[in-house]
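Report on the structure given below.
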Amino acid sequence: MKHEKYQLLTEQIKALIEGETNEVAVMANIAAAIHETMGFWWTGFYRVMPKVGSDEKELVLGPFQGPVACMHIPFGRGVCGTAWERRATIVVPDVEQFPGHIACSSLSRSEIVVPVFSTAGEVVAVLDIDSKELATFDDTDRQYLETICQLVSNIVLPHHHIEYHHQDEANGKADGAEI
Ligand code: SME
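Going by the numbering used here, the first residue of the sequence shown is number 781, and it counts up by one from there.
See below:
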């Protein structure tokens, strides 16, 4: 049963990440735990990062399990960029019916993308999961995956502030604007 699997998974993830403060380590183990337990086709995070040579931000491929995937996704593009823009989970029963869907793998048939919010309420990453079957994801997936993404929130914020500060310094800006 999906419900029971997710309950155990959520408890496993809480135990796994307890006391850990590195966001990449946390995202890596969460992606692995979800992927192994649920048997999805592709499970991973895209992180909101400064776009090199620009003041804009973009989604950059983060820790994941599954086949190789596209590495950069602009704001508002694909399911991932749209979830970032809307600040909301998107469930796609059939990727061919989603305008602008980015096909990293031609085998992906359905998808769910869940935003990860910082404690300040900004989208700092998205969790993207693909399935080789149509209509794999429903409200049960949405609820549990949103809970799992909330567990990441407390860890992500300070690191992103630091990364942005460093990036701004690298670009020669003195103010180090925060996201
Ligand atoms: N399908 C996603 C792109 C990422 S891959 O599925 C791993 C999208 O449309 O944003």
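Ideal Cβ placement from N, Cα and C applies to all residues, glycine included.
Fill in: Beta-carbon proximity list for Ser-890, same chain, < 7 Å, skipping 5 on both sides
Residues of the same chain with a CB within less than 7 Å of the CB of Ser-890, apart from the 5 flanking positions on each side, are Val-872, Pro-873, Asp-874, Val-875, Ser-911, Glu-913, Leu-914, Ala-915, Thr-916 and Phe-917 in chain order.
Discussion item. Going by C-alpha to C-alpha distance, which of Pro-854, Pro-847 and Phe-825 sits closest to Leu-925?
Written reply: Per the Cα distances, Phe-825.
Discussion item. Could you compute how far the alpha carbon of Arg-922 sits from the alpha carbon of Gly-833?
Written reply: Cα atoms of Arg-922 and Gly-833: separation of roughly 35 Å, rounded to the nearest angstrom.
Fill in: Residues bridged to Met-829 [DSSP beta-bridge criterion]
The partner list for Met-829 (beta bridge, DSSP) reads Glu-838.
Worksheet item: the ligand SME heavy atoms versus the CB of Ala-900: any closer than 8 Å?
Response: Result no, Cβ not under 8 Å from the ligand SME.
Practice prompt. For Pro-938, count neighbouring C-beta atoms within 10 Å of its own C-beta (all shown protein chains included) and say buried if the count is 16 or more, exposed if not.
Written response: Low per-residue confidence applies at Pro-938: pLDDT is 48, beneath 50, and the placement is therefore not dependable enough to give any value.
Discussion item. Using DSSP's beta-bridge definition, name the partner residues of Ser-886.
Written reply: Its beta-bridge partners do not exist; DSSP assigns none.
Worksheet item: Alpha carbon to alpha carbon, how far is Gln-787 from Asp-835?
Response: For the pair Gln-787 and Asp-835, the Cα-to-Cα distance works out to about 41 Å.
Practice prompt. Whole angstroms is fine: what's the gap from Thr-899's alpha carbon to Thr-862's?
Written response: Computed Cα separation, rounded: 21 Å.
Worksheet entry | Rounded separation between Glu-748 and Thr-927 - CA only | The displayed coordinates of the chain run from 781 to 959. Any statement about residue 748 would go beyond what the structure contains.
Worksheet item: Could you give the distance in angstroms between the alpha-carbon of Glu-865 and the alpha-carbon of Ile-892?
Response: For Glu-865 and Ile-892, the distance between alpha carbons rounds to 15 Å.
Worksheet entry | N- and C-terminal bounds of the beta strand (DSSP E) containing His-852 | Element bounds for His-852: 852-854.
Worksheet item: CB Ile-935 to CB Glu-800, shorter than 9 Å?
Response: It is a contact, given that the beta carbons lie within the stated cut-off.
Worksheet entry | Three-state class that DSSP yields for Pro-938 in the structure shown | Because Pro-938 carries a pLDDT of 48, less than 50, the predicted location of this residue cannot be relied on, and the following value inherits that uncertainty. It is helical.
Worksheet item: Quick one, are the C-beta atoms of Gly-846 and His-881 less than 9 Å apart?
Response: Not closer than 9 Å, so no.
Discussion item. Can you tell me whether Ser-960 sits near the ligand SME, meaning its C-beta is under 8 Å from at least one heavy atom of the ligand?
Written reply: An answer regarding residue 960 cannot be provided, because it is not within the stretch 781 to 959 covered by the chain.
Worksheet entry | Straight-line gap, Ser-888 to Val-904 (C-alpha atoms, nearest Å) | Just so you know, the alpha carbons of Ser-888 and Val-904 end up roughly 25 Å apart.
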